[in-house]
Amino acid sequence: MGIDKLTRRQMVGVVGAIAAIASSRSALAQQRPRTVRRAADASSPAPVPLVAPLAPGFQLGAWRVVGVTPARAGAVTIGLETAAAGRFFLDVCLRDDSGPRPPARTERCDIFVANEGNGAVPTIEGQGLAAMAVAEVVRANENACDLSGLMTHRARLAALGPRIVRGLD
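Next up, the structure:
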């Protein structure tokens, strides 16, 4: 699903999610010293810089973040859920212009819905929209982050195949 195929209603949802991210990023930047101290004392994992401020409990438009993994098996995985649609996962991989086209893409990364469909399963519309919203977060962070732990989606499948860990465990 490309951005040129979005309905007006869908675009409003994506724009709303992006606006929520921008305001959250601004609020976090103003609170940074206190937030850093609290994070060091808390038992929760450190934020993953590529997708910060996304962390468990963060509301991203219609989706609630249930977990974020640091890069493992070549991707950062984000778990999201809605009351209506349930839980699903997005994998942030290195961009590969020759590989399969993801629902969302940035200058350096591809964001795939982890639906194990091998490109043959259509992306559920809400999950594709969530990938687009996550792409905006990645776009804001990717040039200041070390992406050495990421692989392209194709390289992950070639190297790990069925051993790719799905979910947040």
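Each residue of the sequence shown is one higher than the last, beginning at 2 in the working numbering.
Glycine included, every Cβ here is placed at the ideal spot set by N, Cα and C.
Please read all numbers here as calculations on a predicted model, not as lab measurements.
Secondary structure of residue i, DSSP reduced to three states
| i | result |
| --- | --- |
| A76 | strand |
| G150 | coil |
| G127 | helix |
| G68 | strand |
| L55 | coil |
| G162 | helix |
| P50 | helix |
| V139 | helix |
Residue from the options whose Cα sits closest to the Cα of residue i
| i | options | result |
| --- | --- | --- |
| G1 | E137, G58, A74 | Any question about residue 1 goes unanswered here, given that the chain covers just 2 to 170. |
| P104 | V49, N142, A136 | A136 |
| E82 | D147, F59, N144 | F59 |
| R109 | L61, A86, L148 | L148 |
| I125 | A85, A76, P57 | A85 |
| I79 | D97, G87, A56 | A56 |
Cα-Cα separation, residue i to residue j
| i | j | result |
| --- | --- | --- |
| P54 | P48 | 7 Å |
| C146 | G100 | 23 Å |
| P123 | I112 | 15 Å |
| A115 | F89 | 7 Å |
| A159 | V77 | 17 Å |
| D98 | R106 | 10 Å |
| V52 | I165 | 20 Å |
| N142 | P50 | 7 Å |
| L61 | T70 | 17 Å |
Bridge partners - residue i, DSSP secondary structure assignment
| i | result |
| --- | --- |
| D92 | T78, F113 |
| A105 | I112 |
| L61 | W64 |
| G87 | T83 |
Residue i beta carbon near the ligand GDP (any heavy atom closer than 7 Å)
| i | result |
| --- | --- |
| A86 | Judged by which ligands are present, the structure shown has none, so any question about the ligand GDP falls away. |
Evaluate the contact criterion for the region 92-108 versus the region 61-70: three or more CB pairs, one atom per stretch, below 8 Å.
Short answer: they don't touch.
Are the region 153-161 and the region 125-140 touching by the rule of at least three beta carbon pairs closer than 8 Å?
No contact exists between the region 153-161 and the region 125-140.
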